[in-house]
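Chemist: Going down the list, the sequences are from chains Z and S.
If you want the working numbering, it's the 1-based position in the first sequence plus 1102.
If you want the working numbering, it's the 1-based position in the second sequence plus 2.
Note that beta-carbon positions come from the ideal geometry of N, C-alpha and C, so glycine has one too.
Since this is a predicted model, take the numbers as computed values, not measurements.
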Amino acid sequence: MIPDPVTYAASALSGPLLLVLAAFACLLLPLFFRQLRGTQGIMALGAVLIAIIFLRRAPSAELSLFSGALLLSPLSAYLWAFTLGVLTLVILLSVSRPAAPEESQGEFYFLLFMAAIGLMVLVAAGDLFTAFIALELLSLPVYALAGIRRSKPGLEAAYKYFMLGAFGSGMTVMGIAILNALYPALTFAALKVGPAQPLALAGFLLVISGFAFKTALVPFHMWVPDAYEGAPTQVSAFMAAAVKTGGVIVLWRLFSLFDGGPIREIFWWLAVITAVSANLMALAQKGLKRLLAYSSVAHAGYIAVAFFGGRQGFEAVLYYLPVYAMATIGAFSVALLLEKDEKGPLIEDLAGLAKSRPWLAGAMSAFMFSLAGVPPLAGFFAKFYAFAGAVNSGYTSLVIIAILMSAVSIYYYLKVTVVMYMKPAANGHPAEPPGIMEAVIFLLAAGVLLAGVFSRPLLILAAEASLWF
Amino acid sequence: MSAYSLAAISFVLFSLAAAGFLTCGSLVRMLMFLELMLNAANIALVALGSGTVSQAYAVMLFAIAAAEAGVGLALIIALASVFKTLEAENIRELKG
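(1) So what's Z/T1289 in DSSP terms, helix, strand or just coil?
(2) Are there 16 or more other CB atoms within 10 angstroms of the CB of Z/S1397, so buried, or fewer, so exposed?
(3) Using a cut-off of 9 Å between C-beta atoms, extract the partners of Z/L1455 located in chain A.
(4) Given a cut-off of 9 Å on the beta-carbon distance, is the pair Z/L1230 and Z/V1295 in contact?
(5) Assuming contact is defined by CB atoms lying nearer than 9 Å, are Z/V1352 and Z/A1233 in contact in what I supplied?
(6) Leaving out five residues before and five after Z/A1314 in sequence, what residues of the same chain have Cβ atoms less than 6 Å from its Cβ?
(7) Let me make sure I understand the geometry here. Which of Z/E1444, Z/I1503 and Z/L1452 has the alpha-carbon closest to that of Z/E1258?
(8) Using a Cβ-Cβ cut-off of less than 8 Å, give me the residues of the stretch 1433-1445 of chain Z that come near chain S, in sequence order.
(9) Counting pairs of beta carbons, one from the stretch 1104-1117 of chain Z and one from the stretch 1174-1183 of chain Z, are three or more of them closer than 8 Å?
(10) Start and end of the beta strand (DSSP E) containing Z/L1239?
(11) Using a Cβ-Cβ cut-off of less than 9 Å, give me the residues of the stretch 77-91 of chain S that come near chain Z, in sequence order.
(12) Can you list, in chain order, the residues of its chain with a C-beta nearer than 8 Å to that of Z/G1256? Leave out the 5 residues immediately preceding and following it.
(13) Determine which residues share a DSSP beta bridge with Z/A1607 and list them.
(14) S/A80: buried (16+ other C-beta within 10 angstroms of its C-beta) or exposed?
(15) For S/V73, go through chain Z and note every residue whose CB falls closer than 8 Å to its CB, in chain order.
(16) Kindly list, in the order they appear in chain Z, the residues whose Cβ is closer than 7 Å to that of S/M62.
(17) When the cut-off is 9 Å and only beta carbons count, does S/G51 lie next to chain Z?
(18) If we define contact as Cβ-Cβ less than 9 Å, is S/I11 a contact residue for chain Z?
(19) From the DSSP output, in three-state form, read off Z/G1389 for me.
(20) Quick one: does Z/F1231 have its CB under 9 Å from some CB of chain S?
(21) Output the residue ranges of the beta strand (DSSP E) runs that lie fully inside the stretch 1110-1167 of chain Z and measure 3 residues or longer, sorted by chain position.
(22) Distance, Cα to Cα, S/V2 vs S/A82?
(23) Excluding sequence positions up to five away, which residues of its chain have a Cβ less than 8 Å from the Cβ of S/F64?
(24) List, in order along the chain, the chain Z residues whose C-beta lies closer than 7 Å to that of S/M32?
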C-alpha cells in the first residue's frame, strides 16, 4: 500500500533525523558510559539498519517541503536507499577493520553519519543554496575523516582535499551570490529561465566548477589521487561512492537547465577531457588505491557523457551510480584486506592471490571486469545504457571517444587480474579465517554479477525514479 | 556607497584572494585566503541580493565559513605537530 503524502513525508524524514540522533549517540554516550566504549560501530550499524526500515516506497508525487528547500519524490527515495546502502557497507568495513584509533571511534562514526546526512539532503535539495549547505555538510566531515588517523599520509590527503574542496566551495558561493542577484529565487525551477546575460553565465560557471571539484571531473581532479591514497581505505571507498554521487546529482540538475549553448559545450569538453586524461594517467599507476582513484575520475567522465542522453541518460546515471558504487567499494575492500600500511597495497602485491585465496581473487576480478565494462557484469550494462542515451540524442562523436577510452581502461583493469592469476607470489599471503570483510566482498561480487544478469528490477526502479527529477 | 561599487569591491577582493590562494605556499596563508574568498562572496551576496532572503543566506554563510575555518585550523595544528612544517612543498608523503 502506498501511504498518503503527509504520512510518507513523516516516515521519510525520520530516516535522516534518526541518523542525527545516532551520530550524537555514537559521539557522546561512550564518554558518559565507560562500558559502551568500543561498541560505537555496533551502535552505528544498528542505527543504519533501523533507518533502512524507515525507507518507504514513495507515492508518485513530488512533495515540496520547507518552501521548496527539500523535494521528496521517488527520486529522493531511490537515492536515500543508495546512500544508506553505501553507509551500511562502509560501517561494516570499519567495524571489521577500524579506520580510526581507539579513542577516535566515536568521532569517526559521528563524522560518517554527518556526511551521509549531508548527502541525503544534497540529493533531495530543491534550491541551489540548500544544495550548497548540504554539500558543505557532506564535505567538511570527509576532510576530517581523511585525516582521522593523524598519520603523515592521512593528514597530507586531508589537507590537499580540504584546500581544493574549500576553494571549490568559495567559487560556488560567489556563483550563488551572482545568480541570487539575477534570478528571483534560487530554486532549480526558477533558474530554468536560462542565462540571458553573460553575468549569469559567469555565475553558472563558478557554481558548476565548484561542484565539478566534488565530482572529480578533470581539470578539477588534482586532489583525487592523493586524497584516495592517503585517506583510510574505508573513507576512500566512501569518497568514491558517496561524495561523487552528490556532485553528480547537482551537476545533472544544473546541466538540465540548459537546452544548448555554451554550458552544454563546456560539459562536452569536461566529459571528453575527463574520459581521455584520467584513463591515460591511470595506465602508469602502481598503487592499487591510486589506480582506483583514477578509475573513479574516469567513471565521472562516463557519467558526464550520459548527461547528454536526456531522460534516458538520467535513467542510465541512476543505474550507473549503484553499480559503480558496488564495484568500487568491493575493490577498496580487497585493498583494505591486503593492505600492510596506510597507502594500501601495490598492484604487484596481489601476485599469487589466485593460488592462496582463489575466491578473493575471483571477487576482485569481478570488480575489475565490472569497472572495465565486460559483459555480463553490471558495469557493461551501465556503460551501455549511459552511452546509448547519448548516441540517441546525436552525440556520436562524444560516445566514440568515451568508448575508445573505455577500451584503453581495459588494459589497466586487466593488469590487476593478470597479476593475480599469472604472476607467482613474491611472498605468500597469510591465510586468515574469513570474517565480515570477506562477507562484504562476496556480497558485493554477487551484487555486481546479479545486477548485470538480472538488471531489470534495478532498471525499473531507476526508470521510475528518473521520472521525478 | 552604491550597491554596484560594493559589488565591484567584492569581485576584486575575490579575485585577489583566489590569486593569492593559488600562488602562496604556506598553509596558514592559504586558509586565510580561503576565508577571504568566502567573505568576498558574502559581500557580493548582500550588496547585489534583494530582500531579506539574501541577508539570511549571508548569515548562514558566516556559520559555514566558521565551520570551514574550524576544520582547516584543526588540520593545520595536526599537520604542524606531525610534519613540523607548514610549507606545502615540504609536505610530500604521497607521490604526485
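Modeler: So, from the data block:
(1) Here residue 1289 of chain Z refers to the residue found at position 187 when the first sequence is read from its first residue. Under the three-state reduction of DSSP, Z/T1289 is assigned to strand.
(2) As a position in the first sequence, residue 1397 of chain Z is number 295, starting the count at 1. Buried, since its Cβ has 16 or more Cβ neighbours within 10 Å.
(3) No chain A appears in this structure, whose protein chains are Z and S.
(4) Against the first sequence, residue 1230 of chain Z aligns to sequence position 128. Against the first sequence, residue 1295 of chain Z aligns to sequence position 193. The answer is no: Cβ separation not under 9 Å.
(5) In the first sequence, residue 1352 of chain Z corresponds to position 250, counting from 1. In the first sequence, residue 1233 of chain Z corresponds to position 131, counting from 1. Pairing Z/V1352 with Z/A1233 gives a Cβ-Cβ distance under 9 Å.
(6) The residue given as residue 1314 of chain Z occupies position 212 in the first sequence. Non-local beta-carbon contacts of Z/A1314 in its own chain, meaning distances under 6 Å to residues more than five positions away in sequence, involve F1322 in chain order.
(7) For the purposes of this step, residue 1258 of chain Z is identified with residue 156 of the first sequence, where counting begins at 1. Among Z/E1444, Z/I1503 and Z/L1452, the Cα nearest to that of Z/E1258 belongs to Z/E1444.
(8) Flagged, chain order: K1445.
(9) The stretch 1104-1117 of chain Z makes contact with the stretch 1174-1183 of chain Z, as at least three CB pairs between them are under 8 Å.
(10) Locating residue 1239 of chain Z in the first sequence gives position 137, counting from the first residue. Looking at the DSSP string, Z/L1239 is not in any beta strand (DSSP E); the run it does join, the alpha helix (DSSP H), is L1230 to A1248.
(11) For the stretch 77-91 of chain S, which is checked against every Cβ of chain Z, the residues closer than 9 Å are L77, I78, A80, L81, S83, V84, F85 and A90.
(12) Your numbering for residue 1256 of chain Z matches position 154 in the first sequence. These residues qualify, in order along the chain: A1248, G1249, I1250, G1332, A1333, P1334 and E1444.
(13) In the structure displayed, chain Z extends from 1103 to 1571; residue 1607 of chain Z sits before or after that span and is not available.
(14) Numbered from 1 along the second sequence, position 78 holds the residue referred to as residue 80 of chain S. Counting Cβ neighbours within 10 Å, S/A80 comes out buried, since at least 16 surround it.
(15) Taking the second sequence and counting its residues from 1, the one referred to as residue 73 of chain S is at position 71. In chain order: L1242, Y1245, A1246 and F1264.
(16) Within the second sequence, numbered from 1, the residue matching residue 62 of chain S stands at position 60. Among the residues of chain Z, those whose CB is under 7 Å from the CB of S/M62 are I1235, following chain order.
(17) Translated into the one-based positions of the second sequence, residue 51 of chain S becomes position 49. It does; some Cβ of chain Z falls within 9 Å.
(18) Reading the second sequence from its first residue, position 9 is the one you call residue 11 of chain S. So no, S/I11 is outside the interface.
(19) Translated into the one-based positions of the first sequence, residue 1389 of chain Z becomes position 287. In the three-state scheme derived from DSSP, where H, G and I count as helix and E and B as strand, Z/G1389 is classed as strand.
(20) In the first sequence, counting from the first residue as 1, residue 1231 of chain Z sits at position 129. Answer yes: the Cβ-Cβ gap between Z/F1231 and chain S drops below 9 Å somewhere.
(21) Entirely contained in the stretch 1110-1167 of chain Z, the beta strand (DSSP E) runs reaching 3 residues are, in chain order, 1165-1167.
(22) Residue 2 of chain S lies beyond the stretch modelled for chain S, which goes from 3 to 98, so this question has no answer here.
(23) Counting from 1 along the second sequence, the entry for residue 64 of chain S is found at position 62. Answer for S/F64: N44, listed in chain order.
(24) Reading the second sequence from its first residue, position 30 is the one you call residue 32 of chain S. Here the neighbours are M1265.
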